[in-house]
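A short worksheet on the structure shown next.
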Amino acid sequence: MKMEDRIIMTIQSVLDKRPVITLDSHLLEDLRVDSLDKLMILSALEDEFAITISEDDFADVVTIKDIVMKLKGRGFFAGGTAPI
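Everything in the sequence shown is counted per the UniProt record's numbering, starting at 1 for the first residue and increasing by one.
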């Protein structure tokens, strides 16, 4: 499974009853993510991928694509895929 798909599935599991999530989904406008949701997403991503992400890394993310790019940019997923 592609890393992007795993990220979306992980976020969907945290947000549970929110609309369908795509890479272009806006965290606040489309998904109504608040600060607590953001922390829960951060924690779920850390658990899913066995990585440590600082809150500062997530401070400026706006869309799901921003999250993907931020994680790739930090070198968490060389080659665009995450470890299983």
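Just so you know, even glycine gets a beta-carbon here, dropped at the ideal spot from N, CA and C. Every value quoted in this text rests on a predicted model; they were computed, and no experiment measured them.
Ranked by how close their Cα comes to the Cα of Asp56, the residues Leu71, Ala44, Asp47 have Leu71 in first place.
For secondary structure counted as the alpha helix (DSSP H) over 4 or more consecutive residues, the UniProt domain "Carrier" (1-75) holds these complete runs in sequence order: 3-15, 35-49, 55-58, 64-73. At the C-beta level, Arg18 and Glu48 stay beyond 8 Å of one another. The beta-carbon distance between Val68 and Ala44, rounded to whole angstroms, is 15 Å. This is too long to meet the 8 Å contact definition. Rounded to whole angstroms, Met9 and Ile64 show a C-alpha spacing of 11 Å.
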